[in-house]
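Below is one structure, written out as structure tokens; the observations come after it.
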Amino acid sequence: MNCGMECVKYLLFIFNFVFALGGLAILICGILLQIAISDVKTATPEIPTSMPITVLIIVGAVIFIIAFFGCCGAIRESHCMIITFAVLLLTLLVIQVAVAAYAFVQFKGDDSKGKIEDLIHDMVNKYFDDKKYQDAVNAMQTFAQCCGYNSYRDYTNNDKNINGSIPYSCCDINEGKTCSVDQIKFHDGCRDKVYTLYKKFSNGLAGLAIGIAVVELIGIIFSFCLANSIRNVQRRGYKV
-9 MNCGMECVKY
1 LLFIFNFVFA
11 LGGLAILICG
21 ILLQIAISDV
31 KTATPEIPTS
41 MPITVLIIVG
51 AVIFIIAFFG
61 CCGAIRESHC
71 MIITFAVLLL
81 TLLVIQVAVA
91 AYAFVQFKGD
101 DSKGKIEDLI
111 HDMVNKYFDD
121 KKYQDAVNAM
131 QTFAQCCGYN
141 SYRDYTNNDK
151 NINGSIPYSC
161 CDINEGKTCS
171 VDQIKFHDGC
181 RDKVYTLYKK
191 FSNGLAGLAI
201 GIAVVELIGI
211 IFSFCLANSI
221 RNVQRRGYKV
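Numbering of the sequence shown is given in my numbering, commencing with residue -9 and proceeding in unit increments.
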């Protein structure tokens, strides 16, 4: 194997090592996001972030496994393993493109904005109905640093709010403590803030997907180059 192909071999190994770390990072981020929205999901299982986060976890796990396989193939200089790795990577790339297209159609701008606003409005209105809604709203308000649908008055004007209480998360204090109007820390409503965070999350996810796709394409090219070099050496009768 010539010097050029030796470089490709080590580049492929480094690529896969970094790719494996990236896959692990995506997996961990997905799990942390899943935990972060668990209370909100319990109260509103139809929330539209569930599918993207699940896909994120699956993609992260698959990337880690495929990258580990690619590392082994590059080190062992196995034509079969490298070709298998390239095919798996190509398959993953095609699936990602299909999922991205589906997500774009399913969660496009105005449609997702309306769904999110309806969910927040429903959660805030039902805050005094059930503890699951209280947990969901407090988790949402703590994460987004907001209070109510439009403001804290969504709670004080609620007919079911007998003593005029305000969720502790509006004041950024520990659960169980009393939150008064003069203690409120988050004055912005959740309607706009949550949607802004959702858009940032969606755009970040799209950027991440594009970056991963480019890296995968480079990995596929390197893999086929190395596999072709190994096959040529084998045909000439040299030991690889």
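Even for Gly, the Cβ is constructed at its ideal location relative to N, Cα and C. Since this is a predicted model, take the numbers as computed values, not measurements.
- For Glu206, the uninterrupted alpha helix (DSSP H) run begins and ends at 180 to 225, by DSSP.
- Of the candidates Asp119, Cys169, Val223, Ile208, Ile208 places its Cα closest to the Cα of Ile4.
- In terms of Cβ geometry, Ile56 and Ala64 do not form a close pair [threshold 8 Å].
- Segment contact: the stretch 167 to 186 against the stretch 215 to 227, fewer than three CB-CB distances shorter than 8 Å; contact not assigned.
- Taking C-alpha positions only, Cys61 is separated from Phe7 by approximately 7 Å.
- If you compare the alpha carbons of Glu67, Val45, Asp112 with that of Val223, the shortest gap goes to Glu67.
- The three-state reading of DSSP puts Lys167 in coil, since its state is none of H, G, I, E or B.
- Annotation for Leu11: no residue places its beta carbon closer than 7 Å to its own, counting only its chain and skipping 5 residues before and after.
- Three or more Cβ pairs closer than 8 Å define a contact, and the stretch 156 to 165 meets that threshold against the stretch 119 to 133.
- Within the same chain, Ile56, Phe59, Gly60, Gly63, Ser213 come within 7 Å of Phe75 by CB-CB distance, once the 5 residues on both sides are set aside.
- For Asn151, no alpha helix (DSSP H) run applies, since DSSP gives it neither H nor E.
- Each of Arg143, Val52, Asp101 was checked against the Cα of Gly13, and the nearest Cα belongs to Val52.
- DSSP places Phe176 outside any alpha helix (DSSP H), giving it a letter other than H or E.
- For Tyr123, the uninterrupted alpha helix (DSSP H) run begins and ends at 121 to 134, by DSSP.
- Phe118 carries a coil assignment under DSSP once its states are collapsed to helix, strand and coil.
- Taking a C-beta distance under 8 Å as the contact criterion, Asn151 and Tyr145 qualify as a contact pair.
- Contact between Leu79 and Ile210 holds, since their C-beta atoms are separated by about 5 Å, short of 8 Å.
- Taking Asn140 as the centre and dropping the five residues before and after it, the same chain places the C-beta of Gly179 closer than 6 Å to its C-beta, in chain order.
- If you draw a straight line from the Cα of Asp101 to the Cα of Phe133, it is about 23 Å long.
- In this structure, DSSP gives Asp144 a helical state, which the three-state scheme calls helix.
- Shown here, Ile18 sits in a helix according to DSSP, grouped into three states.
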